[in-house]
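The next block holds one structure in the form of structure tokens; read it before the comments.
2 protein chains.
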Amino acid sequence: MAQKPSIPKGTRDFSPEEMMRRTYIFDTIRSVFRLFGYAPLETPSMENLSTLLGKYGDEGDKLLFKILNSGDYGAKLSEEELRQASKISEKGLRYDLTVPFARYVVQHQNEIVFPFKRYQIQPVWRADRPQKGRYREFYQCDVDVIGSKSLLSEVELVDIVARVFSKLGISITLKMNNRKILYGIAESIGHADKMIDITVAIDKLDKIGLDNVKNELRERGIDDEAINKLQPILELSGTNSEKLCKLSEVIADSETGMLGIEEMRTIFDNVEALGIALTPELDLSLARGLNYYTGAIFEVKANDFQIGSISGGGRYDDLTGIFGMPGMSGVGISFGADRIYDVMLGLDLFPKELACSTKVLFTNFGAEEQLAAMRVMAELRNRGVATEIYPEASKMKKQMEYANRRGIPYVVIIGSEELQRGVATLKDMLSGEQREVALTALAEQF
Amino acid sequence: MAQKPSIPKGTRDFSPEEMMRRTYIFDTIRSVFRLFGYAPLETPSMENLSTLLGKYGDEGDKLLFKILNSGDYGAKLSEEELRQASKISEKGLRYDLTVPFARYVVQHQNEIVFPFKRYQIQPVWRADRPQKGRYREFYQCDVDVIGSKSLLSEVELVDIVARVFSKLGISITLKMNNRKILYGIAESIGHADKMIDITVAIDKLDKIGLDNVKNELRERGIDDEAINKLQPILELSGTNSEKLCKLSEVIADSETGMLGIEEMRTIFDNVEALGIALTPELDLSLARGLNYYTGAIFEVKANDFQIGSISGGGRYDDLTGIFGMPGMSGVGISFGADRIYDVMLGLDLFPKELACSTKVLFTNFGAEEQLAAMRVMAELRNRGVATEIYPEASKMKKQMEYANRRGIPYVVIIGSEELQRGVATLKDMLSGEQREVALTALAEQF
Chain A
10 MAQKPSIPKG TRDFSPEEMM RRTYIFDTIR SVFRLFGYAP LETPSMENLS TLLGKYGDEG
70 DKLLFKILNS GDYGAKLSEE ELRQASKISE KGLRYDLTVP FARYVVQHQN EIVFPFKRYQ
130 IQPVWRADRP QKGRYREFYQ CDVDVIGSKS LLSEVELVDI VARVFSKLGI SITLKMNNRK
190 ILYGIAESIG HADKMIDITV AIDKLDKIGL DNVKNELRER GIDDEAINKL QPILELSGTN
250 SEKLCKLSEV IADSETGMLG IEEMRTIFDN VEALGIALTP ELDLSLARGL NYYTGAIFEV
310 KANDFQIGSI SGGGRYDDLT GIFGMPGMSG VGISFGADRI YDVMLGLDLF PKELACSTKV
370 LFTNFGAEEQ LAAMRVMAEL RNRGVATEIY PEASKMKKQM EYANRRGIPY VVIIGSEELQ
430 RGVATLKDML SGEQREVALT ALAEQF
Chain B
10 MAQKPSIPKG TRDFSPEEMM RRTYIFDTIR SVFRLFGYAP LETPSMENLS TLLGKYGDEG
70 DKLLFKILNS GDYGAKLSEE ELRQASKISE KGLRYDLTVP FARYVVQHQN EIVFPFKRYQ
130 IQPVWRADRP QKGRYREFYQ CDVDVIGSKS LLSEVELVDI VARVFSKLGI SITLKMNNRK
190 ILYGIAESIG HADKMIDITV AIDKLDKIGL DNVKNELRER GIDDEAINKL QPILELSGTN
250 SEKLCKLSEV IADSETGMLG IEEMRTIFDN VEALGIALTP ELDLSLARGL NYYTGAIFEV
310 KANDFQIGSI SGGGRYDDLT GIFGMPGMSG VGISFGADRI YDVMLGLDLF PKELACSTKV
370 LFTNFGAEEQ LAAMRVMAEL RNRGVATEIY PEASKMKKQM EYANRRGIPY VVIIGSEELQ
430 RGVATLKDML SGEQREVALT ALAEQF
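These protein sequence lines are chains A and B, in that order. Residues 10 to 455 in the numbering used here are what the first sequence spells out, letter by letter. Residues 10 to 455 in the numbering used here are what the second sequence spells out, letter by letter.
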């Protein structure tokens with residue numbers, strides 16, 4: 010009995026129309042990456058579980074998709090062994106592109122030219138609870154440079170962000186902060202040991218407001234005196250320079266904090282000096298799930314569409330240490346292609362001409378007409394023009410309907426009468442105009 | 010303790026150099042697909058196991074990669090249930106692109122415009138024993154048209170094959186046969202019931218020779234009288250027309266067989282009339298794992314490189330029947346990108362300029378020089394020229410070495426002296442020549 014087909018929850022098919030739009034986004038992002046000397050890398054969909062486990066926090070391990078070992082394992086293992094997932098699975102699907110990148114760098118350290126600038130655009134998988142905007146399979150577009158501490162890399166990332174969203178036509182705000190500054194803040198209020206608690210709480214400032222953030226801090230054991238020192242920092246306003254200036258007075262005793270301030274000054278000054286068409290906004294409450302960031306952090310939001318962040322990243326001083334190669338500093342940023350897609354769809358930013366790549370449909374009214382049509386089509390294809398012929402000699406109405414539904418802008422009609430006279434009727438499907446053209450002159454029309 | 014990282018057997022990382030070559034192949038194939046009006050489709054990496062099981066023969070089911078259900082299944086199931094894979098896995102990774110395509114067509118039948126011409130370029134996964142040239146994760150490049158019985162589609166596929174391999178520079182032989190002809194042959198030697206045995210045996214003709222094929226046929230219960238009728242068919246020579254003529258005398262009593270001959274005549278005549286730059290070779294021993302083929306079948310081999318087939322496909326009259334929608338006829342072909350890669354590498358067919366996409370490296374000799382360099386780089390990037398700056402003010406030798414190892418063709422040197430005079434030294438890394446250029450005139454040089 011035939012089954013009604015479906016796909017697993019949290020996954021999607023992409024129709025030709027959706028594919029053209031997604032490709033437009035990837036191509037745009039890729040073209041900017043290449044302008045800055047980033048080279049493409051691809052890693053396997055499946056990694057050894059040992060590579061993936063423990064890298065994404067407790068929650069992360071649960072969200073990994075694990076792959077069953079092949080073969081007849083079932084009969085041979087004991088019940089105890091079966092209950093241990095490790096005996097029946099040793100591989101898992103990529104959860105992100107950063108851990109595979111770090112694994113690749115360590116594995117190939119002797120062949121790689123450092124500093125290594127790579128981009129990676131591939132799908133990743135997470136066994137999240139599916140909901141609107143959250144999928145179990147989705148693409149990440151990452152760009153990272155590893156093997157250099159130079160802040161020029163951060164400056165270039167600002168430029169990359171500016172150019173990507175300018176090309177896509179999305180108005181954005183780029184917020185930046187620095188983990189050293191966050192440490193400095195924690196240190197200056199007397200709670201360097203509770204830095205993570207503090208930053209997790211203040212990261213929610215935009216969402217829950219200052220009073221609720223204070224409550225969270227109290228719940229995490231931060232005393233009111235410290236909270237009162239924190240408030241003016243979170244309420245700092247003015248330009249980035251002004252904020253940094255005032256901040257440097259408040260956290261002057263924190264060496265790490267002052268280093269962070271210096272880093273941000275250098276980055277902002279260079280961005281301005283180079284006339285990069287995007288001014289980052291220093292946001293001292295920005296934390297971004299700190300796992301491995303050690304310096305500057307980035308977050309991009311769309312100004313005219315509510316969707317959470319559409320790009321984010323930061324500097325990390327020891328990503329490859331987990332795989333045995335310490336001391337490699339790097340910085341990178343990731344573009345959330347699926348969210349960007351939703352923003353562009355919502356704001357109607359996709360170019361109209363993306364709809365269909367076929368330019369001309371040739372009608373089919375019999376064997377001889379077919380042959381004549383296909384000869385002209387060969388000429389068109391030699392000139393790079395995408396063209397199709399209706400496969401059967403169906404009624405005119407059906408063939409025109411096909412052209413309409415496919416969104417093909419031109420139809421060439423060759424009936425037996427036209428064929429005798431060596432001409433064809435060229436119809437513009439948008440304007441409705443039609444005119445006669447000699448078969449020999451058709452190819453040049455396009 | 011840090012682990013020495015590795016990836017699962019049968020999988021591969023693709024370095025930037027390999028990525029550029031692979032992308033070259035995919036882009037070439039894709040550009041030809043689009044010329045013929047094929048539109049892109051993508052399906053999820055994971056399908057429901059019910060979609061995949063039973064579609065690839067007994068061997069196929071064993072080669073599927075199954076995905077463990079998420080969550081704490083282990084503790085709740087009985088031992089018997091644990092041993093049944095079905096209780097712990099309901100999803101699997103794509104094994105090919107044809108079954109997902111059929112599933113998509115049935116699922117979206119009300120939205121799709123028929124005939125539906127789609128191409129799909131995505132990875133698939135098979136738990137094969139890994140060996141040279143055989144991977145557990147590899148790409149397929151498929152093109153199929155479904156919803157039309159027209160032989161024009163077969164003719165266009167010949168054209169597509171011709172153009173793809175012409176663009177890639179690979180000299181090929183395209184062999185064709187027809188399942189109706191194979192049935193006709195079996196019928197004419199009195200063993201229509203043993204068609205599969207017969208065709209599996211004769212498909213090995215190229216590899217094991219006629220005598221061994223005869224032995225196999227005997228082992229499969231084909232009597233000598235039938236084998237003797239078969240021999241002259243397998244030994245038919247001459248042009249396609251001549252072969253078809255002689256064949257039509259031998260299998261004249263088989264209605265299906267004669268239909269197959271007529272189909273091939275139509276296809277070959279049209280290919281010739283259209284001047285398609287590739288003449289298919291009728292090979293009556295070609296069978297190609299018959300699972301769902303019902304008409305013409307294709308196989309492409311590289312003439313100058315031993316690797317097995319690099320492309321193959323055929324006509325199928327009822328692919329979507331397995332998902333509840335009978336009667337959809339289609340035809341398609343698949344390009345084996347990994348094998349094509351090996352052929353091109355072995356025959357040195359990749360264009361030299363693929364090596365590195367960055368065109369210019371700017372040296373870095375200090376903060377002011379950096380700024381001047383990055384201003385010119387912005388101009389270059391605005392003109393679409395890919396450029397990098399060495400991130401730190403290291404010694405000249407180190408920076409030049411970086412340019413060399415990366416294969417960057419030009420280096421722009423801006424030292425403090427040059428900066429004073431508003432010039433830079435532009436060095437051609439291939440020829441070794443260098444000349445001075447005004448900073449303001451640098452961008453136009455590229």
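Quick reminder that beta carbons are idealized off the backbone N, C-alpha and C, glycines included.
Give the residues of chain A in contact with E56 (chain B), contact being defined as C-beta atoms less than 8 angstroms apart. For E56 (chain B), the residues of chain A that pass the 8 angstroms Cβ criterion are I16, P17, in the order they occur in the chain.
What is the rounded straight-line gap between the Cα of T32 (chain B) and the Cα of G266 (chain B)? 42 angstroms
Let me see if you follow: with CB-CB separation under 8 angstroms, is I34 (chain B) close to chain A or not? no
Below 8 angstroms on the Cβ atoms is my contact criterion, and I expect I190 (chain A) with L293 (chain A) to pass it. Report the Cβ-Cβ distance as a whole number of Å. 7 angstroms
With DSSP collapsed to three states, give me the class of P360 (chain A). Looking at P360 (chain A) - three-state DSSP - the assignment turns out to be coil, as it is neither helix nor strand.
E27 (chain A) (DSSP reduced to helix, strand or coil): helix
Within the 8 angstroms Cβ cut-off, does Y113 (chain A) reach chain B? yes
Residues of chain B with a CB under 8 angstroms from the CB of A305 (chain A): which are they? Correct list: empty, because the minimum Cβ distance to chain B is about 15 angstroms.
Roughly how many whole angstroms lie between the Cα atoms of R414 (chain A) and G393 (chain B)? 36 angstroms
At a Cβ threshold of 8 angstroms, is G333 (chain B) touching chain A? yes
What's the gap between the Cα of A387 (chain A) and the Cα of N186 (chain B)? Near 25 angstroms, if we compare the C-alpha coordinates of N186 (chain B) and A387 (chain A).
Run through the DSSP bridge pairs and tell me what L370 (chain A) is partnered with. A:E397, A:V420
When the Cα of V369 (chain B) is compared with those of B:E377, B:G341, B:I398, B:K361, which residue comes out closest? Nearest option by C-alpha distance: B:I398.
Inter-stretch contact (C-beta, 8 angstroms, three-pair minimum) for the stretch 308-318 of chain B and the stretch 339-356 of chain B: Taking a cut-off of 8 angstroms for Cβ pairs, the stretch 308-318 of chain B and the stretch 339-356 of chain B touch, as three or more such pairs fall below it.
Ignore the nearest five residues each way along the sequence and tell me which others in T303 (chain B)'s own chain have a CB closer than 7 angstroms to its CB. R188, R324, Y325, D326
Could you tell me which chain A residues have their CB closer than 7 angstroms to the CB of T20 (chain B), listed as they occur along the chain? By Cβ distance, chain A contributes P53, M55.
Pick from A:R103, A:N237, A:I205: whose alpha carbon is nearest that of D220 (chain A)? A:N237
Are V420 (chain B) and T372 (chain B) closer than 8 angstroms when you measure CB to CB? With respect to T372 (chain B), V420 (chain B) sits close: the two C-beta atoms are nearer than 8 angstroms.
Are the stretch 115-132 of chain B and the stretch 344-363 of chain A in contact at 8 angstroms, needing three or more beta carbon pairs? Contact between the stretch 115-132 of chain B and the stretch 344-363 of chain A is absent: fewer than three C-beta pairs spanning the two stretches fall below 8 angstroms.
Where do the N-terminal and C-terminal ends of the beta strand (DSSP E) with D151 (chain B) fall, by residue? D151 (chain B): member of the beta strand (DSSP E) spanning 146-155, first to last residue.
Residue from B:D153, B:K71, B:Y65 whose Cα sits closest to the Cα of A48 (chain B): When each option's Cα is compared against that of A48 (chain B), the closest is B:D153.
Measure the C-alpha to C-alpha separation of A296 (chain A) and S15 (chain B) and round it to an integer number of angstroms. 32 angstroms
Quick check on the DSSP output: the alpha helix (DSSP H) that includes Y411 (chain A) runs from which residue to which? Per DSSP, Y411 (chain A) is one residue of the alpha helix (DSSP H) stretching across 405-415.
Below-8 angstroms beta-carbon distance, G375 (chain B) vs any chain A residue: no
Quick check: the stretch 160-167 of chain B against the stretch 134-151 of chain B, are at least 3 beta-carbon pairs closer than 8 angstroms? Not touching, per the Cβ criterion.
Just how far apart, CA to CA, sit L428 (chain B) and R384 (chain B)? 13 angstroms
Given L177 (chain B), which residues of its chain have a CB within under 8 angstroms of its CB, disregarding the five upstream and five downstream residues? I34, T37, I349, M353, L358
Where does the unbroken beta strand (DSSP E) through D437 (chain A) begin, and where does it stop? 432-437
Name the chain B residues that come within less than 7 angstroms of M267 (chain A), Cβ to Cβ? Ordered by position in chain B, no residue passes the 7 angstroms Cβ test against M267 (chain A), which lies about 20 angstroms from the chain.
Which residues in chain A have a C-beta closer than 9 angstroms to the C-beta of Y302 (chain B)? List them in chain order. What Y302 (chain B) touches in chain A: nothing, since even the nearest Cβ is about 19 angstroms away.
Taking all protein chains shown into account, do 16 or more other C-beta atoms lie within 10 angstroms of the C-beta of D232 (chain A), making it buried, or fewer, making it exposed? exposed
Thinking just about the alpha-carbon of each residue, which of B:E27, B:R21, B:D22, B:L389 is nearest to the one in P360 (chain B)? Closest option to P360 (chain B), Cα to Cα, is B:E27.
Kindly indicate which residue of B:I331, B:E453, B:E225 has the alpha-carbon position closest to the one of Y65 (chain B). B:I331
Taking buried to mean at least 16 other C-beta atoms within 10 Å of its own C-beta, is L291 (chain A) buried or exposed? buried
What is the DSSP secondary structure of S54 (chain B), reduced to helix, strand or coil? coil
Confirm, please, whether the CB-CB distance from A210 (chain B) to E225 (chain B) is below 8 angstroms. yes
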